[in-house]
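Student: In UniProt numbering, the protein residues as written are 1 to 287.
Next comes the structure, spelled out in structure tokens:
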């Protein structure tokens, strides 16, 4: 984390960016107090489509996290109603990383609230000496991939197979919980949205019926590989769970095979494809 006068200027810029994002979304984002944790827990249960008693984060746990100095925030509309929430906890090494465990925005709420929450979290981290924010997401959910990689500029660190084990909420029940782990530096980096150069090799694509198709081995001399995901895998799970599950298996296999060959995710396109390239052999191989 930047110290001294430069650190003060960085924290000011991040705070200003967070306030601007909240203003554009029409919300106020702030740290929550103990008496607001029940509302945050209920909102998480609503978004995860589960009974409030089985919320992803029970009120008491949120209270404990906040009390221990971790990150718990809420986004409030003009009427003072909580329409978004986010919680994370400090991790190794020595509190320099914040693991952003859960975030939710009420369905039908205005656009931009997710960005406002994330920029508030980044400003909070700068104030608390945190260098990196990490979180996981389902790699098949295209809108999350674009937000995390294309908008924020987070970097993929690892593919985690069935990370949480069986889940029984309304969004994930019956699916293996594969996740991508991403890291997002608190100090802003230049974000260049990924594109799909001419001649890219499509290693995973959809057939005419929307089912996944794994392509043969990557040809020698290829410089860019892409992996497609369904346009809306959540809708697909509701209408055709079998095909959605085949996408999980196909993406997992394609990613693992490419990773073993040295390919790494460089970004995600607006058209719904992961873009992979090979790192400079003179540089250390990322995870």
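By construction, the Cβ of each residue, glycine as well, lies at the ideal position given by its N, Cα and C atoms.
As the structure is a prediction and not an experimental result, all values here were calculated from the model.
Any chance you could list the beta strand (DSSP E) runs of at least 3 consecutive residues sitting entirely within the stretch 51 to 76, in chain order?
Tutor: The stretch 51 to 76 contains these whole beta strand (DSSP E) runs: 71 to 76.
Student: Taking 8 Å as the threshold, find out whether the stretch 59 to 74 comes into contact with the stretch 111 to 127 through three or more Cβ pairs.
Tutor: The stretch 59 to 74 vs the stretch 111 to 127: in contact.
Student: Would you call the stretch 206 to 216 and the stretch 147 to 167 in contact, with 3 or more CB pairs under 8 Å?
Tutor: The answer is no - the stretch 147 to 167 does not touch the stretch 206 to 216, with fewer than three Cβ pairs under 8 Å.
Student: Please name the residue, chosen from 86, 97, 67, 8, that lies closest to residue 34 on a Cα-to-Cα basis.
Tutor: Ranking 86, 97, 67, 8 by Cα distance to residue 34 puts 67 first.
Student: Check this for me: beta carbons of residue 139 and residue 178, under 9 Å apart or not?
Tutor: Going by C-beta atoms, residue 139 is nearer than 9 Å to residue 178.
Student: Between 260, 14, 81, 77, which has its C-alpha nearest residue 38's C-alpha?
Tutor: Among 260, 14, 81, 77, the Cα nearest to that of residue 38 is on 81.
Student: Which ranges does the beta strand (DSSP E) cover as unbroken runs of at least 3 residues, wholly within the stretch 87 to 118, from first to last along the chain?
Tutor: Fully enclosed beta strand (DSSP E) runs of 3 or longer: 97 to 105.
Student: Report the residue from 172, 242, 94, 65 whose alpha carbon sits nearest the alpha carbon of residue 131.
Tutor: Cα-wise, what sits closest to residue 131 is 94.
Student: So the candidates are 110, 96, 191; which of them puts its Cα closest to the Cα of residue 84?
Tutor: Nearest of 110, 96, 191 to residue 84, Cα basis: 110.
Student: Would DSSP call residue 186 helix, strand or coil?
Tutor: In this structure, residue 186 counts as coil in the three-state DSSP scheme.
Student: Could you round the C-beta distance between residue 113 and residue 122 to whole angstroms and report it? I think they count as a contact, below 8 Å.
Tutor: With 8 Å as the limit, residue 113 and residue 122 do not qualify as a contact, their Cβ atoms being about 15 Å apart.
Student: Residue range of the beta strand (DSSP E) that residue 80 falls in?
Tutor: No beta strand (DSSP E) holds residue 80; DSSP gives it neither H nor E.
Student: For residue 161, does the three-state DSSP call read helix, strand or coil?
Tutor: Here residue 161 sits in coil by DSSP.
Student: With DSSP as the reference, identify every bridge partner of residue 288, one or two as the case may be.
Tutor: The displayed coordinates of the chain run from 1 to 287. Any statement about residue 288 would go beyond what the structure contains.
Student: Identify, in the order they occur along the chain, each residue of the same chain with its Cβ nearer than 7 Å to the Cβ of residue 286, setting aside the five sequence neighbours on each side.
Tutor: Low per-residue confidence applies at residue 286: pLDDT is 48, beneath 50, and the placement is therefore not dependable, though the value from the model is reported in the following sentence. Same-chain partners within the cutoff: 264, 279.
Student: Whole angstroms is fine: what's the gap from residue 169's alpha carbon to residue 238's?
Tutor: Taking the straight line joining both Cα atoms gives about 14 Å.
Student: Compare the beta carbon distance of residue 92 and residue 43 with 9 Å and say whether it is the shorter of the two.
Tutor: No, the pair does not count as a contact, with Cβ atoms beyond the cut-off.
Student: Beta carbon of residue 46, beta carbon of residue 96: below 9 Å?
Tutor: No; because the gap between Cβ atoms is not below 9 Å, this pair is not in contact.
Student: State the Cα-Cα distance for the pair residue 77 and residue 49, rounded to the nearest angstrom.
Tutor: If you take the alpha carbons of residue 77 and residue 49, they lie about 22 Å apart.
Student: Rounded to the nearest angstrom, what separates residue 256 and residue 54 at their Cα positions?
Tutor: Going by the C-alpha atoms only, they are around 33 Å apart.
Student: Is it true that the CB of residue 261 sits closer than 9 Å to the CB of residue 218?
Tutor: Going by C-beta atoms, residue 218 is nearer than 9 Å to residue 261.
Student: CB-CB under 8 Å to residue 182, same chain, minus the five flanking residues each way: which ones, in chain order?
Tutor: Only 134, 135, 136, 137, 148, 149, 154, 155, 156, 157 meet the Cβ criterion.
Student: Would you say residue 160 and residue 224 are within 9 Å of each other, going by their C-beta atoms?
Tutor: No, the Cβ-Cβ distance between residue 160 and residue 224 is not below 9 Å.
Student: Thinking just about the alpha-carbon of each residue, which of 243, 79, 26, 88 is nearest to the one in residue 56?
Tutor: Taking only the C-alpha atoms, the option nearest residue 56 is 88.
Student: If you draw a straight line from the alpha carbon of residue 18 to that of residue 164, how long is it in whole angstroms?
Tutor: The straight-line gap from Cα to Cα measures roughly 31 Å.
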